[in-house]
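**Student:** Position 222 of the sequence shown, counted from 1, bears residue number 326 in our numbering, the numbering being contiguous throughout.
Handing you a structure now.
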Amino acid sequence: MTQTVEDAPPELTPRQRYARRQRRRSIVVAAASTLVVATLLVAVVVRAPGWEEVKASFFDGDRFRESFAEIAPAFKLNVRVFLIAEACILVFALLLAVARSSRAPALFPVRVLATVYVDLFRGVPVLLVLFLLGFGVPALRLEGVTNDPVFWATVALILSYSAYVSEVYRAGIDSVHESQRSAARAVGLTSTQSLRFVVLPQAVRRVIPPLLNDFIALQKETALVGVLGPIEAARRAQIYSSRTFNFTSYVAAALIFLAITIPLTRLTDWLLARQRRRTMAGGPA
């Protein structure tokens with residue numbers, strides 16, 4: 105079929121052609137510089153006096169395949185803990201942020217409790233919270249309370265990360281201009297309705313990229329579950345290393361974590377770039 109004049113692609117302007125040439129040039133320069141740096145790093149590492157010992161200890165192909173087969177099934181526990189904790193954190197942290205952002209005088213005690221909670225769990229290392237809950241609660245021998253270490257490890261991650269994520273939510277709520285609340289009240293919405301239908305939708309949309317950053321960190325922190333006894337990916341790598349006196353299993357575990365965190369990181373970068381373009385174009389954030 106013959107292409108008509110209307111179907112033909114529009115001709116690029118000189119400015120667009122220049123911008124395209126600049127992008128191509130930047131890509132070529134970036135690729136060349138990356139190749140040079142990578143080559144230099146490889147040359148330095150390979151020429152190091154202890155490279156052969158390091159290669160045998162960390163990059164043994166047979167050990168990698170053998171340990172990977174053991175570590176991969178254990179990684180399912182990391183994924184399960186991550187998904188459960190993430191769902192709970194999203195809800196609980198939002199409640200904390202709303203409580204801290206409330207303006208009603210009657211809710212002053214709630215604001216104080218939320219502030220104390222956030223300060224407490226942001227100040228205590230996650231590892232200590234894991235120890236306190238994973239070892240302390242079962243020691244109480246409370247009737248009807250589970251002693252499952254996976255459960256308490258998940259609870260510890262939820263409590264700790266909810267404090268951080270609530271601050272991300274609160275920053276998003278505070279970023280919504282006061283005129284949005286005023287406009288909502290002007291059309292007859294109550295304070296609660298204004299928060300629910302006007303403020304929160306804008307706030308949540310703005311904080312999606314930083315939320316993803318927190319959840320990337322959460323995915324890595326699931327490796328701490330192993331300190332309470334459950335066999336997750338990092339713990340399985342440690343067991344394999346102790347049995348074989350070889351550290352290649354740690355490399356295998358690291359690659360499995362990277363398979364999850366790198367796509368999440370690229371997604372975060374893409375969302376940030378899209379949000380920046382919308383902001384510069386004057387569109388909705």
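Note that CB positions come from ideal geometry on N, CA and C, so glycine has one too.
These figures come from a predicted structure and were not determined experimentally.
(1) Output the boundary residues of the alpha helix (DSSP H) element that contains Leu187.
(2) Can you list, in chain order, the residues of its chain with a C-beta nearer than 8 Å to that of Ala203? Leave out the 5 residues immediately preceding and following it.
(3) For Gln284 versus Val303, is the C-beta distance shorter than 9 Å?
(4) What's the call for Glu258, buried or exposed, on a 16-neighbour Cβ count within 10 Å?
(5) Using CA coordinates, which residue listed in Thr369, Phe163, Leu315 is at the minimum distance from Ser270?
(6) Whole angstroms are fine: how far does the CA of Thr296 sit from the CA of Ala358?
(7) Go ahead and pull the three-state DSSP assignment for Leu116.
(8) How would you call Glu247, buried or exposed, if buried means at least 16 neighbouring beta carbons within 10 angstroms?
(9) Under 9 Å between the Cβ atoms of Ala307 and Ile277?
(10) Which term fits Trp256, buried or exposed, when burial requires 16 or more other beta carbons within 10 angstroms of its beta carbon?
(11) DSSP state of Asn317, grouped into three classes?
(12) By the three-class DSSP mapping on this structure, what secondary structure does Thr143 have?
(13) Alpha carbon to alpha carbon, how far is Thr294 from Pro209? Give it in angstroms, no decimals.
(14) Within the chosen definition, does the stretch 174-193 reach the stretch 223-233 through at least 3 CB pairs nearer than 8 Å?
(15) Identify whether Leu301 lies in helix, strand or coil by the three-state DSSP scheme.
(16) Does the distance from the CB of Thr402 to the CB of Val185 come in under 9 Å?
(17) How many Å lie between Phe196 and Val220 at the Cα?
(18) My guess is that Phe168 and Ala356 are in contact by the Cβ rule of under 8 Å, so how many angstroms apart are they, rounded?
**Tutor:** Judging by the given coordinates:
(1) 165-205
(2) Leu211, Val214, Arg215, Leu217, Ala218
(3) yes
(4) The sequence given here has Thr at residue 258, not Glu. By the neighbour-count rule (16 or more Cβ atoms within 10 Å), Thr258 is buried.
(5) Leu315
(6) 45 Å
(7) coil
(8) exposed
(9) yes
(10) buried
(11) helix
(12) helix
(13) 16 Å
(14) no
(15) Per the sequence shown, the amino acid found at residue 301 is Phe instead of Leu. Of the three classes helix, strand and coil, the one that applies to Phe301 here is helix, per DSSP.
(16) Residue 402 is absent from the structure shown; the chain starts at 105 and stops at 389.
(17) 15 Å
(18) 5 Å
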